[in-house]
Amino acid sequence: MTKPTNGLNGKVSLIGGGGIRTPLVIFGINDIAQNLGIKEMALYDPDENRVQLMAALGRAIVAREGGSLKITVADKIESAVEGCDYIMNSIRVGGITSRAADELAAIKNNYPGQETTGPAGAAMALRTVPVVLEQARIVEKYAPEGWIVSFTNPAGLITQALSTHTNAKVVGICDTPTELMHHIARALGARHDEVHCEYIGLNHLGWIRKIHLRGEDITEKVLADDALLASFYHVPLFDGDMIRQLGLIPTEYLYFYYNRRKALEKQKMHGGSRGAEVEKLNEALLKTLDAELRAGSNQDAIATYAAYLNRRSGSYMRLEAKGGSAFDAEATFDEDPFRVASGYHKIAMDVITALSSESPSRIIVNTRNNGTLSDLDAADIIETPCQISRNSIIPEPLGRLPDEVKGLVHAVKSYERAAIKSAMTAAADQGNALSHPLARLIARKAFLLHPAIGDWEASDPLLHDLLDPTCIHC
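Taken in order, the sequence shown gives residues 1108 to 1581; the numbers are from our numbering.
Quick look at the structure:
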């Protein structure tokens, strides 16, 4: 049993508590609450109806599990985070409607529409950076010893902004690398702890460089097997010859760099984006949950939510890779989504547990480079395996980036710096990257530097379509 950290106040919070994955996070916190002495989880969200609905479902889940975790809803962010040991941040500025609009604007301008990469990811970053920085400064005041565990996308860029421009203790998390490693272990017929993967890169821009099975380096054997490589992904994403030429196994988001024409073609063929589909799924879910919870049918509500999570997970990347839909009959999983081996709620709980423990755990997170990759700056946020223990995150040394990905990584870091600067420049004058002349130029520079955009002339109309509020779905 993990011993609680000395001085724990027994309170955690979730900023963005109206988010659709909040009940999953509540399940995870409840699962570790007794070991870590966590008694209360406070939710904050500007959408009061949504956060109350998620809190009600969360309480039903805690009751089903026989837990005693108290779920509270705060009307102010200050009261939510005050005295917290851990402050989870999972916000989406503009909601799912903005995600869908961003993706459709990207497609209109002949770029793939994906919420965290390319034009849609840039728009998300420009809207989100000022908000998370303001929230972090509140955390600094009301929970100065607390850790911000940030789920907010784009995770690497947001963690970079928080790390560079605040004094808060912050770690960024994403389940993509760990999810891939679980798929690899399953494909090899091995337990997860029998497979050791050497992972390098940034958030949503990462690769596995080496695979060891029970201590043996099997990387070359894996690279030689097309069927095995294909089994690492939910749907066919990458050609085996391409992977062998790289000598690296890419995470799924590299699809939007390596196969962006195909991604765009499938989206145009389908006539939409995943964000638009998720928006429809969410609308149906929220309506059903509200009715079931009002009727006191808590177990039905939990079952409805679990079915939603399985459909959302099972349909991932289907549209972009196959032209399929989240509404296809086969686009679902049949598993208990609360107890899957990975998932970002699971990663978050692992990180919180490790930060409260004397014994180190190896977890992939977004944190400062500090010499881990010798060809990046010390302050650059990278996604990397770390030894995490009580109030300590130490990245494992990895040496140099492979030549095959070095240019791409440096270009994306340059884009991130420019996007953060644009967002902060606009926010300083209460504007945005469209209305503020200098911020607009810096945003266009960010688009120019981004390897999945890279066009100065196209950047201005693209920025307009992404950020002009009159252009929703234009």
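Glycine is no exception: its CB is placed at the ideal position from the N, C-alpha and C atoms.
Fair warning: this is a prediction, and the values are worked out from it, not measured in the lab.
Query: For Arg1316, three-class secondary structure by DSSP; Result: strand
Query: Reference Leu1330; option with closest CA among Leu1355, His1319 and Arg1321; Result: Leu1355
Query: Counterpart residues of Pro1492 in DSSP-defined beta bridges; Result: Ile1471
Query: Tyr1306 - partner residues in DSSP beta bridges; Result: Ile1315
Query: Opposing strand residues paired with Leu1555 [DSSP bridges]; Result: Answer is none; Leu1555 lacks a bridge partner.
Query: Alpha-carbon to alpha-carbon, Lys1552 and Ala1086; Result: No answer is possible for residue 1086: it lies beyond the span of the chain, which begins at 1108 and ends at 1581.
Query: Same chain, Cβ closer than 7 Å to Glu1399, neighbours up to 5 away in sequence not counted; Result: Asp1407, Ala1408 and Thr1411
Query: Ala1149 (DSSP reduced to helix, strand or coil); Result: strand
Query: Cβ shell of Met1376 (< 7 Å), same chain only, five flanking positions each side left out; Result: Gly1430
Query: Ile1198 to Gly1126 span [Cα, whole Å]; Result: 7 Å
Query: Bridge-paired residues (DSSP) for Gly1279; Result: Ser1257 and Asn1473
Query: Opening and closing residue of the alpha helix (DSSP H) in which Asn1196 lies; Result: Here Asn1196 belongs to no alpha helix (DSSP H); instead the beta strand (DSSP E) covers Tyr1193 to Asn1196.
Query: Val1180: first and last residue of the uninterrupted alpha helix (DSSP H) it sits in; Result: First-last for Val1180: Lys1177 to Val1180, but that is the beta strand (DSSP E), not the alpha helix (DSSP H).
Query: Buried or exposed by the 16-neighbour rule on C-beta atoms within 10 Å, applied to Lys1183; Result: exposed
Query: Close beta carbons around Tyr1415, own chain, < 7 Å, minus the five adjacent residues each side; Result: Leu1388 and Leu1392
Query: Minimum C-alpha distance to Thr1358 - residue among Ala1383, Glu1490, Glu1241 and Asp1575; Result: Glu1490
Query: Assigned exposure category for Ile1501 - 16 Cβ within 10 Å defines buried; Result: exposed
Query: Residues that Asp1324 bridges to, as DSSP identifies them; Result: His1319
Query: Per-residue DSSP class, three states only, for Ile1560; Result: coil
Query: Close beta carbons around Tyr1451, own chain, < 7 Å, minus the five adjacent residues each side; Result: Phe1258, Ile1280, Cys1281 and Asp1282
Query: Span separating the alpha-carbon of Ala1243 from that of Tyr1249; Result: 10 Å
Query: Span of the alpha helix (DSSP H) around Leu1393; Result: Arg1381 to Arg1401
Query: For Gly1378, the three-state DSSP class (helix, strand or coil); Result: coil
Query: C-alpha distance - Val1236 paired with Pro1544, whole-angstrom precision; Result: 18 Å
Query: Residues that Ser1499 bridges to, as DSSP identifies them; Result: Ser1496
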